[in-house]
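J.: I am attaching a structure below and will ask some questions about it afterwards.
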Amino acid sequence: MPRLCVFFLTLLFLGNSIMAQIPVKLSISEKGTGHPLRLPVRLTTSDGQVLIPENAEIAEIYLEKDGIPRPDASIYVDGALEFDAPEGPLSCEVAGAFRYHFFKRTYPISKGRAEISIELTPWEIGERLRRKDLPTGDVALWTYSSGLDGCLQAFQIAIPEKYDPAVPIPLRFHLHGHGGGKNVAPYADRLDSAPRDPDMIRVSPICRGDTHYQGMGEYEFFEIYNGLQKALNIDLDRVMVEGYSMGGAGTWHLAGRFPYLFSAAFPHSGYLDYRVFLWTARGMDEEGRLYRDGGYGRIFRQVSGDRLDYWRKIRGLVIEDWQVPLYERQGTMDVLENTLNLPMLFSHGIYDMSIFGGVDIENSYRAWKRFQELGYPQKYFVELPKAGLGHGGRYTAMEGSAPFKEEQDLPPDMAAIQNNLRNARRDPWPRHVVLRTNTLEYNKNAWGELDALDRHWRDTLIDVELLDKGDLQIKTRNVKQFTLNLSPELVGNRCEIPVVVNRVFSETYAIPDNRLLTLRFDGKSWVQPEQRFPENPTKRHDLQGPILHAFHRPHLYVYSTDQAKETAENAAKTLRVTNGGWLCSLMPCSQQYHPLIRRESEVKPWEMENHHLIIFGLPDSSPLLSSRVERLPISYDPKSVQFGVRTVGGEHLEMLMIYPDPVQPDRYLVWCTPGVGKDVFAQLWHLPDFVVWENGKIVFTGFFDEEWQPRND
């Protein structure tokens, strides 16, 4: 039966039952604390109809294209919800995993029962699901409530029939392409096409849709990964990641930023360098044509209309010097050194181009060239001479012949390479580790971590090798402090270790009882600090900016006036549509995003304790801001903004900034003045720590330094 018909039948059922409706109050809280919870809930009547309370917010993945709720829709319950229900049994199912135990219970609704109180138990690490509770041998849909904003998320999972909770099992992630997020949403007719394997668990996450597996998408990937480790017995030394197109880009990203987590990576037809899109735009002729030679001869793709205007705009895009490191952070090309110990197989069709949703093979060419320069082992590239015709959109053959049939033409040894990498095991303690980055957001590789940089957004490198004689040979660039986990698996039970840094500094250090050796450069030598991190605010992992980073961790919107509320709601809508602007693909993308938005007078203490604060307002109307503003190293009024030695004047200035919360120094405070427009939030991906606007134009941008003080350059 068409879903639209089911929806109207649901309405008819509710209409016919109106005389028997009973007002019901549903409340959800955390067991032990009593704190109200914001979670997705499905309410089902005795005849199987989903009860959709009027004006309730419905999770986006449960909406049809025309906005009509699907028959199996869930709704968001923010602590409590009042609705009308017919007499009889009412089933309540809460999407709380992996934060809370699975919950599904039936309640009798009668005139004497008008309240349902649900207490959820937090799901702790180690509480694995029992074999009888698992859908093995087939593909299943699992949903959960994100810890970031309570938004309903979903993924497909295929657990082999032979799965034994007592035996660790390999895990393989399959990442969808652009526009494919709903291919793994709760659509039963798509479950049959999901990947499965008799020897390993296969998981296809949504990661909020078209997020390119960065930002909120990256957060969701790890929420799923960490949640699966709670629920199932995962062999952490055999975790693979693969994907095609945007999924290939996500694979590049995860492999380049978190290589120590995976045993193999398979990025197919993916992008990893924003400069390729600029290169593509500048290679287009005046009529909007791009040419490519391959196994079928020469073809071209013709761009026209709005898309041609778009690519001409990209051709003229000017990336300011201060924006370059923010763009580099979004790609993987500049951090391929990190994959030294990660086996990788990637492929690409020659005819693929970055025009109609394709990905230019130039991305893979550049990655392969870099791997050859590095001399890294276990890196394999397969060039497909007759493929890429479909991925790049419509094309025209120069000879004027009929359209070609795309062929993969995989080389004979391809299957052997795939099988070898499929069976590869991760080495959790490799003797040689390389970490390249420009931000402490990505500060770890295997047993090495960066604690502090000389300067953020500068090319940073630490190369650590345990030599056969037992010495540590270290190379650094732009590094102020690092920590090495010298576990017995790596160095045995040694109590001290000789260290050579940049070939000029040599010292033997005692290994602390916790096996964590921290070294800090004091300008002359590398010393062991008394404590790893100082008490005063410093840029460190998960507290390094820029502005958008606060939106990629659990956060709370707070407003105090109607104008501030409108700005907050506009910010949420814009981030839902744009994900903060351009990514390394230079493509805007949408995402499932429903942040907590609270009036300041209604914010609960535990909500502030567990979230970064995004405050929309001014100190004279916001007690939260007024209690903090004197401890911020800037000054603001609508006609004058001071950032370090720089003062900006104007008629009506608006400001957006990020800083460690003076009240909760381990969390962010983002201050957004009420007049900041939607266009600001549409470009957060390439904005720094501090931005001032006037009349819709940026008039000043700035970064804070490593001590969270205004940089004056």
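Numbering (the numbering used here), first residue to last: 45 to 757.
All residues carry an ideal CB built from backbone N, CA and C; glycine is no exception.
Are the Cβ atoms of G140 and L164 separated by less than 7 Å?
T.: At the C-beta level, G140 and L164 come within 7 Å of one another.
J.: Bridge partners for Y712 per DSSP, in chain order?
T.: P704
J.: Nearest-angstrom Cα distance between T527 and N489?
T.: Near 11 Å, if we compare the C-alpha coordinates of N489 and T527.
J.: Which of the three DSSP states is assigned to I461 in this structure?
T.: Three-state DSSP puts I461 in a helix.
J.: Sort S154, M284, T150 by Cα distance to I162 and report the nearest one.
T.: T150
J.: The alpha helix (DSSP H) that contains R301, what's its start and end?
T.: 290-301
J.: Tell me the DSSP secondary structure of D471 in three-state form.
T.: coil
J.: Only counting the same chain, and skipping five residues up and downstream in sequence, which positions put a Cβ closer than 7 Å to that of E493?
T.: N487, F526, T527
J.: Y354 lies in the alpha helix (DSSP H); which residues open and close that run?
T.: First-last of the alpha helix (DSSP H) with Y354: 349-359.
J.: Whole-angstrom Cβ separation of V320 and S398, contact assumed at under 8 Å?
T.: 7 Å
J.: In whole angstroms, give me the CA-to-CA distance for N756 and N385.
T.: 40 Å
J.: Express the C-alpha separation of S307 and E427 in angstroms, rounding to a whole number.
T.: 23 Å
J.: Can you find the residues in the same chain that come closer than 7 Å, C-beta to C-beta, to G746, ignoring five residues on each side of it along the sequence?
T.: F687, P732, D733, F734, P754, R755
J.: Would you report the Cα separation of F217 and N277, rounded to the nearest angstrom?
T.: 15 Å
J.: Verify whether the separation of the beta carbon atoms of F127 and V68 is less than 7 Å.
T.: yes
J.: Just to confirm, are L370 and H730 a CB contact at a threshold of 7 Å?
T.: yes
J.: Apart from the five residues on each side of it in sequence, which residues of its chain come closer than 6 Å, Cβ to Cβ, to G291?
T.: L219, H220, G221
J.: Can you give the beta carbon distance from I250 to L215, rounded, assuming they're within the 8 Å contact cut?
T.: Contact flag wrong, Cβ pair sits at about 17 Å.
J.: Using the Cβ count rule (16 or more neighbours within 10 Å means buried), how would you classify F266?
T.: Exposed.
J.: Would you mind working out which of E108, I112, F147 sits nearest L83, comparing C-alpha positions?
T.: F147
J.: Let's see if you can read the secondary structure: which residues bound the alpha helix (DSSP H) around P532?
T.: 532-535
J.: To the nearest angstrom, how far is the alpha carbon of K449 from that of T187?
T.: 39 Å
J.: Under a Cβ-count criterion, where at least 16 other Cβ atoms within 10 Å of its own Cβ denotes burial, should D471 be classed as buried or exposed?
T.: exposed
J.: Indicate the three-state DSSP secondary structure (helix, strand or coil) for E574 in the structure shown.
T.: Reduced to three states, the DSSP call for E574 is coil.
J.: Identify whether S408 lies in helix, strand or coil by the three-state DSSP scheme.
T.: helix
J.: Give me whichever residues DSSP pairs with S391 in a beta bridge.
T.: H312, V426
J.: Per DSSP, Q346 forms a beta bridge with which residues?
T.: R333
J.: Please confirm if the region 641-656 is in contact with the region 595-612, defined as three or more CB-CB distances below 8 Å between the two stretches.
T.: yes
J.: By the DSSP assignment, the beta strand (DSSP E) with Y601 in it spans what residues?
T.: 599-603
J.: From what residue to what residue does the alpha helix (DSSP H) around S645 run?
T.: It is not in any alpha helix (DSSP H) - S645 carries neither H nor E in the DSSP assignment.
J.: Count the other C-beta atoms from every protein chain shown that fall within 10 angstroms of the C-beta of N99, then say buried if there are 16 or more, exposed otherwise.
T.: exposed
J.: Going straight from the alpha carbon of A117 to that of L361, what length do you get?
T.: 42 Å
J.: With 16 as the cutoff for other CB atoms within 10 Å, does F748 come out buried or exposed?
T.: Buried is the call here.
J.: By the DSSP assignment, the beta strand (DSSP E) with D177 in it spans what residues?
T.: Note, D177: premise wrong, no beta strand (DSSP E); not H, not E.
J.: Between F595 and L561, which are expected to be in contact by the criterion C-beta below 8 Å, what is the C-beta distance as a whole number of angstroms?
T.: 35 Å between Cβ atoms; not a contact.
J.: In this structure, how does DSSP classify P152 when only helix, strand and coil are distinguished?
T.: Residue state, collapsed to three classes: strand.
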